[in-house]
Amino acid sequence: MKLFFEKIRTRVQFQELFIPFLSIATSLIIGAVIIWASGADVYKAYQGLLQGAFGKPRAIAETFVITTPYILSGLAVAFGFKCGLFNIGVEGQLYAGALSAAFIGYAVKGLPHFIHLPFALIGGIVAGSIWGAIPGYLKAKTGGHEVINTIMMNHIMIRLTDYLVKNPMLDQKASIPRTPYILESAYLPKIFPSFRLHWGFVLAICMVFLVYFVLFKTTLGFEIRTVGLNQNAARYAGMNVSRNFVIAMAISGGLAGCAGSGEVLGLNYNLPAAFISGYGFDAIAIALLAKSNPLGIIPSAILWAALRNGAGLMQIRAGISIDMINIIQAFVIMFIAAPRIVRWIYRIKAEKGKAGMILTRGWGK
Amino acid sequence: MREVNYRMFIFSGLAVLINALILRFSYLIAPGAELTLLGFGDLGSLGVNPGVSIRVLGILGLGGSVAPLFWKSGKYVSVSFFVTAFTAVGSIIVWAGIGSVFDIVGLLGLSLRLSTPIVLGAIAGLLCERTGVINIAIEGMMLTAACIGFTASLYVGNMWVGLFFAILSGGIIALLHAFLSVTMITDQIISGTVINILAVGLTGFIRRSFLLKARLSRTGILPIIAVPLFSRIPIVGKILFTNQPIVFMMMGLVIFVTVMLFNTRWGLRTRSIGEHPEAADTVGINVFSMRYLNVMLGGFVAGLAGAWFSLETTGSFDDLMTNGKGFIALAAMIFGKWHPVGAFMGGMIFGFSDALQIIFQIKDVPIPPQILWMLPYLITMVVLAGVIGKSTPPAADGAPYIKQ
Amino acid sequence: MQEEILSLRRIVKNFPGVCANDHIDFSLKKGEIHSLLGENGAGKTTLMNILYGLYTPDEGEIHISGLKVHIRTPADALSHGIGMVHQHFMLIPIMSVAENIILGKETKKRGLIDRKESERRIRELANRYHFDIDPGDLIKDLPIGTQQKVEILKALYREANILILDEPTSVLTPQEGLELFAILRSLKEEGKSIIFISHKLKEVLEISDNITVLRGGKVIGSVRPEDTSEQELARMMVGREVILKVKKGEMKKGKPVLTVKDLVVHDSRGVRAVDCISFTVNKGEIFGIAGVQGNGQSELVQALTGLIPYESGEILVDSTPIVGNNPREVTGLGTAHIPEDRQKYGLVLPYPLKNNLILCSYYERPYSAHGILDFSAISMRSADLMEEYDIKAPDINTTVETLSGGNQQKTVVARELARNNRLLIASQPTRGLDVGSIEYIHRRIIQVRDSGCGVLLISSELDEILSLTDTIGVIYKGTIIKTLGVKEATKEALGLLMAGIYE
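Top to bottom, those sequences are chains A, B and C.
Start counting the first sequence at 1; every next residue gets the next number (my numbering).
Start counting the second sequence at 1; every next residue gets the next number (my numbering).
Start counting the third sequence at 1; every next residue gets the next number (my numbering).
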């Protein structure tokens with residue numbers, strides 16, 4: 001065992017993969033300690049977690065149901081990171097997409113399936129794009145930091161949605177405040193008849209490869225990454241930094257909008273006023289865990305979805321509140337964001353000077 | 001006339017448009033409509049004819065938006081913005097109060113109270129940022145403090161003890177932020193986000209595991225204190241000198257932090273670290289320990305802000321009760337150019353819009369509540385867009401200091 | 001007569017991949033000016049940072065006046081009477097002279113800072129050394145020469161007995177340099193001991209009582225100025241015979257390639273940094289702009305290369321007017337730009353070599369088509385360039401961050417010169433480089449000029465200007481106050497002009 005750690009200690013590439021694993025493991029250990037301290041049965045808790053996520057085919061399908069919006073919103077955040085932008089507005093952009101998709105889904109009548117569905121999807125993506133492009137534009141033109149602006153946009157969109165769903169978009173005959181059900185011609189079909197898993201999952205996977213292609217194989221991606229790594233050099237190379245900010249935020253918002261559309265078109269078939277996704281912060285964790293690499297988003301999203309899905313059973317089996325998952329997740333993010341801590345705990349030597357991902361450029365231009 | 005660039009042109013156009021709309025609107029009010037009574041507390045009420053007064057405001061506004069074009073002053077945009085804001089708000093108040101009393105004194109007093117968490121949050125933020133550490137975890141610190149303060153108060157049975165624990169917990173969370181940002185050199189925005197997420201999980205956990213099961217679910221709230229003599233002064237006495245303790249502490253901190261920041265050894269060193277940490281290091285100042293100290297002090301202030309929510313306002317603790325105020329505080333800090341007095345002004349703007357929204361709801365003003373709720377957030381964005389002049393942060397803000 | 005006041009023994013300091021200080025011994029006598037000579041990267045600044053407590057040595061000891069001391073922080077160094085004037089000033093621009101000087105050693109009255117007393121003390125100290133400084137001035141409003149005096153005052157205010165000056169003349173005109181030397185001599189008379197770090201041979205020979213030469217982290221030897229020569233010192237610094245003057249043929253002057261007329265450029269604060277400047281660069285000519293840093297050179301280059309907009313005036317590249325604020329407009333007309341800060345503007349450090357080599361041409365064929373990058377074309381070109389420009393790196397996928405300063409600059413040069421150019425704008429192209437790289441870049445610049453390009457060279461190193469250029473324009477406060485051919489120019493004449501003294 002000691003030899004194994006010795007190997008890890010010295011081989012750098014090994015470290016890049018191993019540290020995330022250690023981070024997750026350590027968080028689970030800390031979680032176990034907290035569970036034990038609160039008087040619950042640790043074994044039952046984690047057993048419930050695992051079974052809840054992967055125990056039966058139904059559970060696995062459900063995990064992938066949650067994975068779908070996680071992949072898309074994780075991609076959204078990761079894309080922003082690549083341009084040096086911290087998009088915390090995924091929540092709001094997701095809502096924008098959901099609103100738009102729901103509206104096109106129930107209001108536009110008489111279209112065949114193969115037109116209505118793409119129309120609704122694209123409508124959602126565009127809505128998310130616009131909602132994301134606004135803070136991008138503000139950052140480009142005024143230097144207003146996207147962290148605050150996107151959070152403000154979140155709050156605005158949540159209230160806007162509440163207003164719209166309860167008033168102009170309200171289904172008068174429904175027992176709870178929600179939009180009317182979308183027409184069947186706008187449904188995202190299920191993959192298997194007996195499970196909730198829908199084709200949005202496949203769409204999400206396709207988006208991963210599309211994003212990867214754009215980022216690493218196109219001139220647009222080259223520009224976006226350059227702006228993210230060194231704005232000054234990007235300018236020197238003739239790149240239009242402002243334009244790239246807006247485009248990156250628009251794409252990021254579009255991905256988030258796609259996540260929202262997926263939920264409406266594939267899962268709920270309507271938008272309730274009580275729609276709370278909470279995917280926004282999780283998306284940040286997923287992106288960090290994947291180190292903003294599009295391909296890494298997939299395992300990262302699956303892990304997070306497993307945690308969320310299994311939490312329910314964990315609560316039933318061991319009587320622990322779902323917040324425990326939040327705490328474990330917070331620790332995972334902390335360790336991922338500060339790999340030094342994990343290195344420090346396990347005495348793994350790093351290359352000197354490498355401090356992990358630094359995104360902060362301060363507030364102003 | 002001075003040279004006009006396109007930005008001024010757009011603003012003057014907007015301002016003129018808004019004021020013209022106000023003027024037009026004033027003619028829509030039937031001449032025989034009842035008077036609006038503007039309440040001024042003990043001094044009585046002032047009755048104004050709604051149509052006439054809105055007309056006056058509109059004309060004043062038009063003048064105010066166009067006049068600065070002819071001045072040499074550089075503050076053109078700010079002036080026309082403030083004038084238009086004043087006339088717009090004034091018109092809405094007069095209109096909303098047609099046929100009833102609109103309590104101006106109450107509005108201002110409520111604004112001050114509602115501005116408290118924001119001003120405190122902004123001060124917490126600037127204490128950190130003046131040493132160069134970005135702190136977006138103010139929301140999380142406030143939330144945790146609100147929860148812990150309330151819990152302590154509930155179990156011990158004494159609100160002042162709760163207040164103490166709220167402040168303390170703010171400091172402890174801040175210590176974590178300092179550890180992650182300063183010692184572990186994590187990206188400061190990520191570290192702040194981590195703390196916010198942790199706070200949500202932690203407080204939710206405490207609430208569901210303990211608070212919901214407790215016998216009582218409410219404590220009282222901190223009492224209103226009237227400063228002897230001063231509180232008798234008409235208008236000002238009610239607004240400034242009759243308040244709950246945390247509001248007083250907020251006003252005191254604004255003055256205290258200003259004095260400390262610009263006149264003491266601690267203040268000079270703090271500011272130098274935020275501008276040029278190497279320079280401070282080379283004269284023997286310990287950058288790390290000062291950053292830790294200031295981040296912790298910021299945490300204490302944020303803890304105080306958190307206590308405002310649970311111990312001074314509602315007497316209970318709800319999920320996510322801070323509701324984004326921590327981020328609005330950051331906008332106030334930027335608006336206030338990292339100066340405590342500026343933070344106070346920024347906080348007052350938000351407090352005012354918040355108060356307006358509440359009073360409108362009480363008065364059943366026919367604007368949908370969700371739209372009113374959006375107002376503070378929209379204003380934050382406008383403020384951040386630098387409509388009111390450029391704001392420069394401390395030079396080394398956000399840059400971790402790495403020693404060889 | 002002179003006792004040893006400071007002794008560094010067997011100092012070792014390692015950084016990842018390089019040994020900056022390799023068992024260095026250094027001895028300073030009381031009341032002497034001892035120079036530490038070496039080229040960029042030799043380890044001089046590292047050694048002094050260790051002495052001043054900014055770095056901790058891996059091995060070795062420091063003795064002051066015979067007693068062993070531990071210096072872990074600058075506070076320790078200050079308490080032992082060591083003061084340092086850094087190459088890049090440690091001053092806070094938005095604060096006043098007084099605030100900068102008292103920082104860390106504030107005088108208090110009833111808990112608050114005593115402004116009056118602090119200013120009184122500073123005035124007293126400044127007068128003693130005949131510094132003309134007002135404690136209330138803000139640093140950002142002071143000229144660089146005065147800022148340096150503030151730095152010196154900072155050390156003297158703390159009663160430093162050992163003063164370290166790191167490349168102090170790099171930001172001064174020759175006359176200011178002489179003034180500085182006078183100050184140093186009077187400090188010496190007071191009994192202070194001075195360590196003078198430099199890579200400039202002439203001034204080291206002039207001011208020192210003793211010279212220690214460092215090369216590659218090791219001490220090569222210590223000599224007295226009267227026992228040695230420039231050539232000898234250069235050989236010790238570099239380890240081989242050094243060509244002190246680069247070989248250059250006659251200029252073959254052609255048509256104008258860059259014409260600048262009455263150009264006005266504002267800096268980031270809105271102040272006029274470039275004030276109605278006019279000059280012309282011809283094909284086949286190297287036009288050098290000489291001047292002390294801070295007279296508008298940076299803003300001029302940024303405006304010419306499209307990084308910032310210009311207020312008024314005219315820029316013509318080969319008789320095509322430039323609209324400005326668009327780097328691609330300028331590169332499209334055949335302009336190459338070697339920026340003064342290669343790490344900030346010229347390179348994307350986390351990118352591999354190949355990405356940096358096509359940084360300015362990725363959007364053109366053959367490197368991309370219809371928005372999609374062609375990696376085989378990129379890799380082929382990168383491999384070619386790497387060989388042609390002698391960039392020492394494992395392969396084209398190496399991250400540029402890991403390369404040495406010289407190789408990083410060669411990457412920039414390779415990228416810029418590999419295009420079809422009419423004009424090369426080179427800003428401080430050899431700053432911070434070792435002698436080998438400097439020689440290489442000088443050779444390349446002459447090559448570019450001989451092939452018919454015009455070259456605009458901006459440098460604050462007078463030796464570089466005098467050896468490379470054909471025509472010299474001296475810039476002062478944002479405008480060219482005089483243009484002369486290199487044959488008529490002398491260091492003294494240039495020095496006067498750089499200080500703004502002209503008829």
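Quick reminder that beta carbons are idealized off the backbone N, C-alpha and C, glycines included.
What you are looking at is a predicted structure, and each value in this text was computed from that prediction instead of being measured.
Legend entry - Cβ-Cβ distance between B/Val341 and B/Val254 below 9 Å: yes
Inset, instruction - Assign C/Glu492 to one of three DSSP states: helix, strand, or coil. - result: If DSSP states are grouped into helix, strand and coil, C/Glu492 belongs with the helices.
Inset, instruction - Output yes or no for whether 9 Å exceeds the beta carbon distance between A/Val264 and A/Ala248. - result: Cβ distance not < 9 Å, so A/Val264 and A/Ala248 don't count as in contact.
Inset, instruction - Assign B/Leu212 to one of two classes, buried (16 or more other C-beta atoms within 10 Å of its C-beta) or exposed (fewer than that). - result: exposed
Inset, instruction - Output yes if chain A places a C-beta closer than 9 Å to the C-beta of B/Ser191; else output no. - result: It does; some Cβ of chain A falls within 9 Å.
Inset, instruction - For B/Phe82, count neighbouring C-beta atoms within 10 Å of its own C-beta (all shown protein chains included) and say buried if the count is 16 or more, exposed if not. - result: exposed
Legend entry - Length-filtered (4 minimum) alpha helix (DSSP H) runs lying within the segment 239 to 317 of chain A: 241 to 262 and 279 to 289
Inset, instruction - Please list the residues of the segment 325 to 337 of chain C that have a C-beta atom closer than 8 Å to any C-beta atom in chain A, keeping them in chain order. - result: Asn326, Pro327, Arg328, Thr331 and His337
Inset, instruction - Could you check the C-alpha separation between B/Trp95 and B/Thr36 for me, to the nearest Å? - result: 8 Å
Inset, instruction - Report the rounded CA-to-CA distance for C/Thr45 versus C/Ile197, giving the unit in angstroms. - result: Between C/Thr45 and C/Ile197, the C-alpha separation is close to 8 Å.
Legend entry - Minimum length 4: unbroken alpha helix (DSSP H) runs contained in the segment 194 to 242 of chain C: 201 to 207 and 230 to 238
Legend entry - For A/Thr179 and A/Tyr106, believed in contact at Cβ under 8 Å, the rounded distance: 6 Å
Inset, instruction - Taking 9 Å as the cut-off, decide whether the C-beta atoms of A/Ala233 and C/Gly346 are in contact. - result: yes
Legend entry - Buried or exposed (CB count within 10 angstroms, at least 16 for buried), A/Ile151: Around the CB of A/Ile151, 16 or more other CB atoms lie within 10 Å, so the residue is classed as buried.
Legend entry - For B/Ile233: DSSP bridge partner residues: Per DSSP, B/Ile233 has no beta-bridge partner at all.
Inset, instruction - Look at the Cβ atom of B/Gly351, then the Cβ atom of B/Ser111, and state whether they are nearer than 9 Å. - result: yes
Inset, instruction - Measure the Cβ-Cβ separation of A/Leu121 and A/Ala204 and say whether it is below 9 Å. - result: no
Inset, instruction - Could you tell me which chain C residues have their CB closer than 8 Å to the CB of A/Ala233, listed as they occur along the chain? - result: Lys344, Tyr345, Gly346, Leu347, Val348 and Leu359
Legend entry - CB contact below 9 Å: C/Met48 versus chain B: no
Legend entry - CB of C/Val183 within 9 Å of CB of C/Gly83, strictly: At residue 183 of chain C the sequence reads Ile, which differs from the Val that was named. Not closer than 9 Å, so no.
Inset, instruction - Check whether the segment 289 to 309 of chain B touches the segment 139 to 149 of chain B, taking contact to mean three or more Cβ pairs, one atom from each stretch, closer than 8 Å. - result: yes
Inset, instruction - Establish whether the CB of B/Arg208 and some CB of chain A are separated by less than 9 Å. - result: yes
Inset, instruction - Check the Cβ-Cβ distances between C/Pro93 and every residue of chain A, and say whether any is below 9 Å. - result: no
Legend entry - CB contact below 9 Å: C/Glu99 versus chain B: yes
Inset, instruction - Give me whichever residues DSSP pairs with A/Pro112 in a beta bridge. - result: Per DSSP, none; premise fails for A/Pro112.
Legend entry - C-alpha gap between C/Val12 and C/Glu61, whole angstroms: 9 Å
Inset, instruction - Report yes or no: is there a C-beta of chain B within less than 9 Å of the C-beta of C/Gly104? - result: In terms of beta-carbon proximity, C/Gly104 lines the interface with chain B, with at least one pair separated by less than 9 Å.
Legend entry - A/Val165 versus A/Leu197: straight-line alpha-carbon distance, rounded: 26 Å
Inset, instruction - Decide if B/Ala214 is buried, meaning its Cβ has at least 16 other Cβ atoms within 10 Å, or exposed. - result: exposed
Legend entry - Residue range of the unbroken alpha helix (DSSP H) whose run includes A/Lys95: It should be noted that the sequence gives Tyr, not Lys, for residue 95 of chain A. Taken as a continuous stretch (DSSP letters only), the alpha helix (DSSP H) holding A/Tyr95 covers Val90 to Ala107.
Inset, instruction - Spell out a yes or no on whether the segment 97 to 114 of chain A and the segment 168 to 183 of chain A are touching, meaning 3 or more CB-CB pairs, one atom from each, closer than 8 Å. - result: yes
Inset, instruction - Closer than 9 Å, Cβ to Cβ, to anything on chain A: give me those residues from the segment 307 to 340 of chain B, in chain order. - result: Asn323, Gly324, Phe327, Ile328, Leu330, Ala331 and Ile334
Inset, instruction - Put C/Met90 into one of helix, strand or coil per three-state DSSP. - result: coil
Inset, instruction - Note down, one range per segment and in chain order, each alpha helix (DSSP H) of at least 4 residues found wholly within the segment 280 to 305 of chain C. - result: For the alpha helix (DSSP H) assignment, the uninterrupted runs of no fewer than 4 residues enclosed by the segment 280 to 305 of chain C are, from N- to C-terminal side, 297 to 304.
Inset, instruction - Using the Cα positions of B/Leu57 and B/Gly237, report the straight-line distance between them to the nearest angstrom. - result: 28 Å
Legend entry - Minimum length 3: unbroken beta strand (DSSP E) runs contained in the segment 111 to 183 of chain C: 162 to 166
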